[in-house]
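The structure appears below as structure tokens.
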Amino acid sequence: MPIVSAEKFVKAARENGYAVGGFNTNNLEWTQAILRAAEAKQAPVLIQTSMGAGKYMGGYKTARAIVENLVESMNITVPVAIHLDHGHYDDALECIEVGYTSVMFDGSHLPIDENLELARKVVDLAHAKGVSVEAEVGTIGGEEDGIIGDGELAPIEDAVAMVETGIDFLAAGIGNIHGPYPENWKGLHLDHLEKLVEAVPGFPIVLHGGSGIPDDQIQAAIKLGVAKVNVNTECQIAFAKATRAFAAEYEANEADYDAKKLFDPRKFLAPGVKAIQEAVEERIDVFGSANKA
Numbered sequence: 035m036p037i038v039s040a041e042k043f044v045k046a047a048r049e050n051g052y053a054v055g056g057f058n059t060n061n062l063e064w065t066q067a068i069l070r071a072a073e074a075k076q077a078p079v080l081i082q083t084s085m086g087a088g089k090y091m092g093g094y095k096t097a098r099a100i101v102e103n104l105v106e107s108m109n110i111t112v113p114v115a116i117h118l119d120h121g122h123y124d125d126a127l128e129c130i131e132v133g134y135t136s137v138m139f140d141g142s143h144l145p146i147d148e149n150l151e152l153a154r155k156v157v158d159l160a161h162a163k164g165v166s167v168e169a170e171v172g173t174i175g176g177e178e179d180g181i182i183g184d185g186e187l188a189p190i191e192d193a194v195a196m197v198e199t200g201i202d203f204l205a206a207g208i209g210n211i212h213g214p215y216p217e218n219w220k221g222l223h224l225d226h227l228e229k230l231v232e233a234v235p236g237f238p239i240v241l242h243g244g245s246g247i248p249d250d251q252i253q254a255a256i257k258l259g260v261a262k263v264n265v266n267t268e269c270q271i272a273f274a275k276a277t278r279a280f281a282a283e284y285e286a287n288e289a290d291y292d293a294k295k296l297f298d299p300r301k302f303l304a305p306g307v308k309a310i311q312e313a314v315e316e317r318i319d320v321f322g323s324a325n326k327a
């Protein structure tokens, strides 16, 4: 199945009371793990690159080719979109040009009028090529590839204005942050989300910073109208933990593992890659998107 725009399957999630996962990738192995999980769970997914990850993978054109070719070579049958996560204006335009099927323009750090103006331009260019568009109002706390947000509740009037630009789904600050959540985090502002949903009825809302939010809060947000949940840190931690454990195991059994050629990176990284797949599958179950392909 070819890579597709995310517009239809995110909209279907909103209409049917579940959420799809937006899972960030960093390399070939990461992408394989996400695709295996999606296929195993028969769930539509967005495979996302941040600006930094896209450059790390050799540029957006290379990143798109990796995802597209793996979808074909792995015989993936579920809908897969390749999505730019938290993109500046120029990056969003580049991704549209090189074949991404979905982009996020993040102008939340800009004055609202400029954010809206640039979002309209992205929408016009993207929709002309069948590319879905996500945009953000109300900065999300933490840091994502140099975009630093203090975290704030998205002003309702800004959310309404952003939806009117023609975007396909909206990221809005509701107390969520990127990266690990601190111990004193007060939780999602579900009351604010409810007001937001009432102002843009039926419109798909995106929850960023999905790693570390308690499952019951995620599911409550989905019931209110969240149709896409982003996951990155959780997979990174799972990969690092499994890789560190295998490295320690290797050190304790070095002669035996050398004889088995477990120094081969395809074997050495396998536990970490498996951990990513398991984390993605578990999130798909929590989001309710299993068997929704």
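In short: position in the sequence shown from 1, add 34, done, that's our numbering.
Virtual Cβ for every residue (Gly too), placed ideally from N, Cα, C.
Could you tell me whether the Cβ atoms of K295 and A77 are closer together than 7 Å?
In this structure, K295 lies away from A77, with their beta-carbon atoms at least 7 Å apart.
What does a CB cutoff of less than 6 Å around T111 pick up in its chain, not counting 5 residues either side in sequence?
M35.
Using 8 Å for Cβ pairs, my map puts T135 next to I37. What's the rounded Cβ distance?
5 Å
Find the nearest neighbour of P189 within the set A293, K257, N287, L230, judged by alpha-carbon distance.
L230
Using only alpha-carbon positions, find the residue among P305, C269, F297, G86 that is nearest to G56.
C269
If you reduce the DSSP assignment to three classes, tell me which class D179 lands in.
With a pLDDT of 44 at D179, under the threshold of 50, the modelled position of that residue is not reliable, and the figure given next carries that caveat. Reduced to three states, the DSSP call for D179 is coil.
Of the residues V157, P145, V263, which one's Cα is nearest the Cα of I318?
The shortest Cα separation from I318 among V157, P145, V263 belongs to V263.
Taking only three categories from DSSP, how would you classify H226?
helix
Taking the CB atoms as reference points, tell me whether A272 and A309 lie closer together than 7 Å.
yes
Please state the DSSP three-state secondary structure of H120.
strand
For G207, does the count of other Cβ atoms within 10 angstroms reach 16, so buried, or fall short, so exposed?
buried
So which of D250, L150, Q66 has the shortest CA-CA distance to V320?
D250
With a Cβ-Cβ cutoff of 7 Å, do G172 and L187 count as a contact?
yes
Can you have a look at N109 and say buried or exposed, based on whether 16 or more other CB atoms are within 10 angstroms of its CB?
exposed
What are the partner residues of G55, as DSSP defines its beta bridges?
V79, V263
Going by the beta-carbon positions, is the gap between A195 and L150 smaller than 7 Å?
yes
For H223 and G259, I'd like the C-alpha separation in whole angstroms.
Rounded to the nearest whole angstrom, the C-alpha separation of H223 and G259 is 13 Å.
In angstroms, rounded to a whole number, what distance separates the CA positions of A304 and A313?
Roughly 14 Å separates the two Cα atoms.
Sorted by chain position, which residues of the same chain lie with C-beta nearer than 7 Å to Y52's C-beta, five sequence neighbours on each side aside?
I256, F321, G322, S323, K326
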